[in-house]
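Accompanying notes for the structure given below.
Residue numbers (our numbering): 4 to 343.
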């Protein structure tokens with residue numbers, strides 16, 4: 004790739020977790036960023052050799068990190084502890100959420116708090132959070148200096164673009180992306196959909212508890228795990244609406260993916276989702292099955308409202324264009340480099 008003659012090439016290393024299973028949301032985010040970064044930034048992906056499980060494997064990842072450092076070291080998420088082995092002045096940490104602190108107690112809470120959040124956050128030159136909600140959580144959890152943390156939203160991944168579909172009002176297909184037991188709220192969604200003539204497509208592996216809830220409420224559904232990026236996009240094409248009734252999200256990527264595809268969204272009014280959705284989703288109370296139910300029925304029953312959501316979605320997604328997000332990262336890299 005041609006380099007600008009008046010700009011020194013800057014070596015940026017994206018430190019990543021070891022890919023595994025169906026967990027690839029972070030990788031998709033930074034694939035989109037890398038496609039749009041300016042040419043003078045030479046970006047190298049550096050996935051960890053070992054999956055981040057257990058002390059020994061994490062120590063091995065930690066020991067390797069210094070041998071691959073660049074002018075800028077960007078820990079893209081989920082392996083925060085690598086900051087302990089990299090030079091503070093040239094390292095950036097992206098924190099996607101603080102969900103790891105929500106469902107643990109005792110010793111595990113303390114070790115997660117200190118090794119995953121507080122120590123890494125105070126060992127970097129800058130932190131990026133993917134929403135204002137996440138920024139506030141990071142500030143409360145890490146006690147880092149507010150001036151080192153800024154919000155840079157996740158970009159829309161490639162391949163999501165408007166795709167016309169005639170809404171099936173008689174038996175709409177609802178898309179549920181993700182099955183996390185602690186936050187995706189599928190049990191309440193199942194109860195909310197009881198008696199509504201629809202089909203639920205689920206991306207991810209359901210737990211037995213979630214399957215029992217869907218079966219017990221007589222919901223027609225299909226679960227699919229291990230899909231490729233193109234297969235996921237096809238599930239959006241095949242859907243009439245997308246439901247994101249999560250009790251916790253650091254961002255809420257399915258909202259903007261649905262916006263970009265031209266699908267109406269029913270989303271939770273909790274955490275980051277109102278911030279990300281703006282006016283481009285029907286917001287519901289994720290703790291109240293009746294609220295979820297009313298939102299779904301409103302989208303199904305009212306074509307004018309549904310169409311307004313779609314039009315607002317096309318406008319909303321402009322905030323998350325990859326070129327705009329990549330420009331913010333490029334400016335941050337330059338800023339951190341200038342302070343070294």
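Beta carbons are placed, not taken as given, at the ideal position from N, Cα and C, and that holds for glycine.
If you're wondering where the values come from, they're calculated on a predicted model, not measured in any experiment.
Within the DSSP secondary-structure output, residue 310 pairs in no beta bridge.
In the three-state reduction of the DSSP assignment, residue 252 falls in the coil class. Considering only 281, 73 and 33, the residue with the shortest C-alpha distance to residue 92 is 73. If you look at residue 325, you'll find it isn't in any beta strand (DSSP E); it sits in the alpha helix (DSSP H) that goes 325 to 341. Buried is the label assigned to residue 312, since at least 16 other Cβ atoms lie within 10 Å of its Cβ. Assigned with DSSP and collapsed to three states, residue 95 falls in strand. Comparing alpha-carbon positions, the option among 37, 323 and 227 lying closest to residue 134 turns out to be 323.
The criterion of a C-beta distance shorter than 8 angstroms is satisfied by residue 268 and residue 283.
Pairwise C-beta distances place the segment 157 to 175 in contact with the segment 221 to 239, as three or more of them are shorter than 8 angstroms. Beta-bridge analysis with DSSP links residue 47 to 16.
Straight-line measurement puts the Cα of residue 194 at about 13 angstroms from the Cα of residue 224. Residue 67: member of the alpha helix (DSSP H) spanning 58 to 67, first to last residue. Here residue 133 carries a coil assignment [DSSP, helix/strand/coil]. Nearest neighbour of residue 43 by Cα position, chosen from 130, 154, 89 and 333, turns out to be 333. Residue burial annotation: residue 326 is exposed, with fewer than 16 other C-beta atoms found within 10 angstroms of its C-beta.
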